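The sequence shown: position 90 = 90 (the numbering used here), numbered continuously.
Glycine residues also receive a C-beta, built at the ideal position from the N, C-alpha and C atoms.
Bear in mind that the values here come from a model prediction, so they are computed numbers and not experimental data.
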Amino acid sequence: ARHDFAVTGLDISEKGLEKARQWAEREGLAIDLQHADLENYDFSGTFDLIITFNFLLRDLIPKMVAALKPGGVIVFDTILAAPNAPLPHKKEYLLQPGELSRIFRGFAGEILRYEERPLDASPTAKLIFKKKDGE
Numbered sequence: 001a002r003h004d005f006a007v008t009g010l011d012i013s014e015k016g017l018e019k020a021r022q023w024a025e026r027e028g029l030a031i032d033l034q035h036a037d038l039e040n041y042d043f044s045g046t047f048d049l050i051i052t053f054n055f056l057l058r059d060l061i062p063k064m065v066a067a068l069k070p071g072g073v074i075v076f077d078t079i080l081a082a083p084n085a086p087l088p089h090k091k092e093y094l095l096q097p098g099e100l101s102r103i104f105r106g107f108a109g110e111i112l113r114y115e116e117r118p119l120d121a122s123p124t125a126k127l128i129f130k131k132k133d134g135e
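Right, here's the structure in full:
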């Protein structure tokens, strides 16, 4: 937003949205913040960049890729199943080792970076994916 990007923030937590609103207001930034349950969110429109942290709905990933403009980028950072994963987390919301890269290899584009950190205090998988131009 500070660099003239149109920014949309989605969260199911009103408390999280309020924190974001207060921060944007302090910084003098115009951000479109929406209360949304991503399980039912309509990704109408197209995005240059989608960033998701600590959130995993596998069925949503193809919709996110489809919502990217050609050449658009997804930054994905979420919790990896590991013996030291922070609790409580349902198993279905934890990535298995290698899973995120396998999912994104199925889309037209390029994985620019992929990293798993299973031994960190909070084990994560991180991915940057660029959608193919013209798709």
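- Listed in chain order, the non-local C-beta contacts of D48 below 6 Å within the same chain comprise K69, G72, local neighbours out to five positions each way being set aside.
- Contact check for F76 and K63: beta-carbon distance about 14 Å, past the 8 Å limit, so the pair fails to qualify.
- Exposed is the label assigned to A30, since fewer than 16 other Cβ atoms lie within 10 Å of its Cβ.
- With a threshold of 16 other beta carbon atoms within 10 Å, I50 meets it and is buried.
- Sixteen is the threshold: since fewer than 16 other Cβ atoms of the shown chains lie within 10 Å of the Cβ of L119, the residue is exposed.
- Taking the Cα positions, E27 is about 29 Å away from K130.
- Around the beta-carbon of P97, fewer than 16 other beta-carbon atoms lie within 10 Å, marking it exposed.
- The continuous beta strand (DSSP E) containing V75 extends over residues 68-79.
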